[in-house]
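Data first, discussion second: the structure below is written as structure tokens.
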Amino acid sequence: MSEEQKEMKKKILKALIDREWTSTDLANEMGISRMYLNDLLNFRRGSIFRMKQIKEILGLE
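In the working numbering, the protein residues as written are 18 to 78.
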């Protein structure tokens, strides 16, 4: 995982904590499984659409 990817993961996890959400809450909001979300957050699967969706839901840049 690159440094840029690590930073994005930290921002996402911080946003979840700030909202008092779990990864399951985010996965449900996105309409995907928690396991698929985990793959996205660990950059094992690449999906520009899904990362954009995460950013929009959490209000990230």
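In this text, a Cβ means the ideal position worked out from N, Cα and C, and glycines have one as well.
Could you name the residues of the same chain whose beta carbon sits closer than 8 Å to that of Gln70, not counting the 5 residues immediately before and after it, in chain order?
-> Met47
Would you give the residue range spanned by the alpha helix (DSSP H) that Glu73 belongs to?
-> 65-75
Measure the alpha-carbon distance for Thr39 versus Asn59 and round it to whole angstroms.
-> 16 Å
From Leu75 to Met68, what does the alpha carbon distance come to, in whole angstroms?
-> 11 Å
Residue range of the alpha helix (DSSP H) that Asn55 falls in?
-> Unbroken alpha helix (DSSP H) run through Asn55: 51-58.
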